[in-house]
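The structure under discussion appears below in the form of structure tokens.
Chains as they are written, first to last, in the working numbering: chain A, 304 to 607; chain B, 304 to 607.
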């Protein structure tokens, strides 16, 4: 695979180049083949090491793998951070591996749109596996995970007590649980908790039995089982026709995000709307229209 | 304060009742007095206990305190979770404390709009302090923190290594760092790391010297210093005129979110737009217009 060319195309898309439309418009019909995998979990769960094991395992099976690291932009790190750079160097000479960091800073229309469009590029270029890696447990991370076919949630015994886990928002998006650092005390207890939770709250949307798999990323234990679990889920989804729904949902979300983004740019490029807003801003709070009343005023002559 | 009445008003707003507009429109001019504080940090950092200490400390000073817990909705927990309920019971008879969980499920226009509107209610009812508590490190959490005047980022020695911290997106939003669980080994090292980081990367936007404060929430150590730090930041912002900018930014974001939400609802209520979309969805990927081409087709007769 021509990694340099792919990197250039993704940059053109990220930077909203004039060629973006032509590129995306040409490649969509070639998508729909890759298995898109989301790997998420709290900071320190060992996701990067685990993904490195996945890369090596899939490469040994002669599968090509692309990684998209979703990285909340930090002004101190400037997007791509040290850890990713080290990792990229490790696979530098392997044409079957592509690693890319994606920061919220440049994402017009949001990170989930950007990751979906980037996956379309990678998919059309023939990558067998596309892995999204997100850090954290927020809504944007959940949104990005929604773009994946299979979501692996990585937890460690230290992930916190049951309430913290329930609170984390990761619970309901998992297709596979990974209990990493399985040599640590508490790993068995965490597996039992997860299995009990799954017994009392089985998936409401499909017949997929969510597995709880133990790994130890540092010593590369459990990677085979994880790869098998991931592939089983893909087979299941194809058999049940779920993969088609996933593709259609992605299509629909892309359309809606692009339109919303365009609209937003368009709406506030209007001078009279802007001057209504800046007029209120120049007043003291006590004299100002409430936000909802100003909205009514701005939209007075619009149809909504 | 009439806590029951406030709770009812917030519910009316959350549920998009017909009275929402009238309520918000009346109270905006009475806002602008409360100090809005964001408390965030990774799961397990001890935020809930720390906030409980803040409540008790501020109540002893006869200040009223409202807490908004931002809670990524889980279908298993149904929004308000056990921990919060226990906490609410603790302050049940205190009219100067108001605690409310807020879940993304009901938030039309996003959680940051909902938390901003709820704060306006609490502010207009005279609460001295409004504390937003968020779990996690995602973009939505950062957005909610943007609604606060003062952001305290709570970390613990186990928060992870430097790279994880830089990656977490919390670093650039802090006005105050709190190193909690200060009795644990590693607390001093974390404080030193943070102080070094602040020395080499001072704030670019103001002259505020971000303090690194040590607390031990479980034994209520360091709470006084934290309250002082929070109040110093408020005084600083008022002196420098930053608080006015914060209020104007909030106003502007509310306007833009409401309009975006309305537009979104309006746009897809149109039948012909919807049928263009469902027409493509019924085709195979290979025959389908790319998302960007379908957008062009849908927007052909629109002005943007």
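Note that the Cβ used here is the ideal one computed from N, Cα and C, for glycine as well.
In this text the structure is predicted, and so the values were computed from the model without any measurement.
* Asked: Touching or not, the region 534 to 541 of chain A and the region 566 to 575 of chain A, by the rule of three or more beta carbon pairs under 8 Å?
  -> Three or more beta-carbon pairs separated by less than 8 Å are not found between the region 534 to 541 of chain A and the region 566 to 575 of chain A, which leaves the two stretches without contact.
* Where are the alpha helix (DSSP H) runs, 4 residues long or more, that stay fully inside the region 472 to 504 of chain A, in chain order? -> For the region 472 to 504 of chain A, whole alpha helix (DSSP H) runs of length 4 or above, ordered along the chain, are 490 to 503.
* residue 524 of chain B, DSSP secondary structure in three states -> Reduced to three states, the DSSP call for residue 524 of chain B is strand.
* To do: Decide if the region 328 to 344 of chain A is in contact with the region 448 to 459 of chain A; the criterion is three or more beta carbon pairs, one per stretch, under 8 Å apart.
  => Segments in contact, yes.
* Of the residues that make up the region 318 to 345 of chain B, which ones have a beta carbon closer than 7 Å to any beta carbon in chain A? -> Contact annotation: in the region 318 to 345 of chain B, residues whose CB is within less than 7 Å of a CB in chain A are 324, 327, 328, 331, 332, 334, 335 and 345.
* Please work out which residues of its chain come closer than 7 Å, Cβ to Cβ, to residue 315 of chain B, disregarding the five sequence neighbours upstream and downstream, and give them in chain order. => So the list reads 322, 323 and 326, once near-sequence residues are dropped.
* Quickly, what does DSSP pair residue 404 of chain B with across the bridge? List them, please. => The beta-bridge partner set that DSSP reports for residue 404 of chain B consists of B/372.
* Asked: So, does the CB of residue 600 of chain B fall closer than 8 Å to a CB anywhere in chain A?
  -> Chain A has no Cβ within less than 8 Å of the Cβ of residue 600 of chain B.
* Kindly list, in the order they appear in chain A, the residues whose Cβ is closer than 8 Å to that of residue 480 of chain B. => Proximity of chain A to residue 480 of chain B at the Cβ level (cut-off 8 Å) is not reached, the minimal Cβ distance being about 14 Å.
* Asked: Got a sec, what are the start and stop residues for the beta strand (DSSP E) residue 569 of chain B sits in?
  -> Bounds of any beta strand (DSSP E) do not take in residue 569 of chain B; it lies within the alpha helix (DSSP H) bounded by 545 to 570.
* Asked: Listing by chain order, which chain B residues have their CB less than 9 Å from the CB of residue 591 of chain A?
  -> Chain-ordered, the chain B residues with CB closer than 9 Å to the CB of residue 591 of chain A read 331, 332 and 554.
* **Nearest to residue 555 of chain A (by Cα), restricted to the options B/523, B/591, B/529 and B/484** => Closest by alpha carbon: B/591.
* Could you say which of A/335, A/356, A/401 and A/359 lies nearest to residue 305 of chain A if we only look at CA atoms? => When each option's Cα is compared against that of residue 305 of chain A, the closest is A/401.
* From A/534, A/476 and A/490, pick the residue whose C-alpha is nearest to that of residue 454 of chain A; which is it? -> The candidate whose alpha carbon is nearest that of residue 454 of chain A is A/476.
* Interface partners of residue 596 of chain A on chain B, CB under 7 Å -> Here the neighbours are 328.
* **Nearest residue (CA-CA) to residue 460 of chain B, options B/308, B/593, B/347 and B/528** => Taking residue 460 of chain B as reference, the option from B/308, B/593, B/347 and B/528 with the minimal CA-CA separation is B/347.
* Any idea if residue 543 of chain B is buried or exposed, counting beta-carbon neighbours within 10 angstroms, 16 or more meaning buried? -> Burial call: exposed.
* Hey, quick one: how far does the beta strand (DSSP E) through residue 353 of chain B stretch, first residue to last? -> Taken as a continuous stretch (DSSP letters only), residue 353 of chain B belongs to no beta strand (DSSP E), being part of the alpha helix (DSSP H) at 350 to 363.
* Asked: If we count the other Cβ atoms within 10 Å of its Cβ and call it buried at 16 or more, is residue 356 of chain B buried or exposed?
  -> Residue 356 of chain B comes out buried.
* Cβ-based contacts, 8 Å cut-off: residues of the region 567 to 580 of chain B near chain A -> Contact annotation: in the region 567 to 580 of chain B, residues whose CB is within less than 8 Å of a CB in chain A are 567, 568, 569, 570, 571 and 580.
* Asked: What are the residues that DSSP puts in a beta bridge with residue 451 of chain B?
  -> The partner list for residue 451 of chain B (beta bridge, DSSP) is empty, contrary to what the question assumes.
* Asked: Does residue 449 of chain A have its Cβ less than 8 Å from a Cβ in chain B?
  -> Not a single C-beta of chain B is nearer than 8 Å to the C-beta of residue 449 of chain A.
* Exposed or buried, residue 319 of chain B, counting other C-beta atoms within 10 Å across all chains shown (16 or more means buried)? -> Exposed, by the Cβ-count rule.
* Asked: Quick one: what's got a C-beta closer than 7 Å to residue 396 of chain A's C-beta in the same chain, skipping five residues either side?
  -> Contacts found: none.
* Asked: So is residue 383 of chain A in contact with chain B if we call contact Cβ pairs under 8 Å?
  -> Bear in mind that a pLDDT of 43 at residue 383 of chain A, under 50, signals an unreliable position, so the number given afterwards is only what the model happens to contain. Chain B contact via Cβ: absent.
* Asked: Which residues bound the beta strand (DSSP E) around residue 436 of chain A?
  -> 432 to 437 is the extent of the beta strand (DSSP E) around residue 436 of chain A.
* Asked: If you check the beta carbons only, do residue 513 of chain A and residue 480 of chain A fall under 8 Å apart?
  -> Yes, they are a contact pair.
* DSSP three-state assignment for residue 612 of chain A, whether helix, strand or coil -> No statement about residue 612 of chain A is possible, as the shown extent of chain A runs from 304 to 607 and does not include it.
* Asked: Going by C-alpha distance, which of B/433, B/308, B/437 and B/517 is nearest residue 358 of chain B?
  -> Minimum Cα distance to residue 358 of chain B is reached at B/433.
* **Residues from the region 501 to 527 of chain B in contact with chain A, defined by Cβ distance under 7 Å** => Against chain A - using a Cβ distance shorter than 7 Å - the residues of the region 501 to 527 of chain B are 504.
* Asked: Can a CB atom of chain B be found closer than 8 Å to the CB of residue 301 of chain A?
  -> Because chain A is modelled from 304 through 607, residue 301 of chain A falls outside the range shown and cannot be assessed.
* **Nearest residue (CA-CA) to residue 599 of chain A, options B/559, B/519 and B/511** => Of the residues B/559, B/519 and B/511, the one whose Cα lies closest to the Cα of residue 599 of chain A is B/559.
* **DSSP-derived helix/strand/coil call for residue 457 of chain A** => DSSP places residue 457 of chain A within a strand segment (E or B) once states are collapsed to three.
* **chain B contact for residue 551 of chain A (CB, 8 Å cutoff)** => At least one beta carbon of chain B lies nearer than 8 Å to the beta carbon of residue 551 of chain A.
* Under a three-way DSSP split, which group does residue 536 of chain B fall into? -> Helix.
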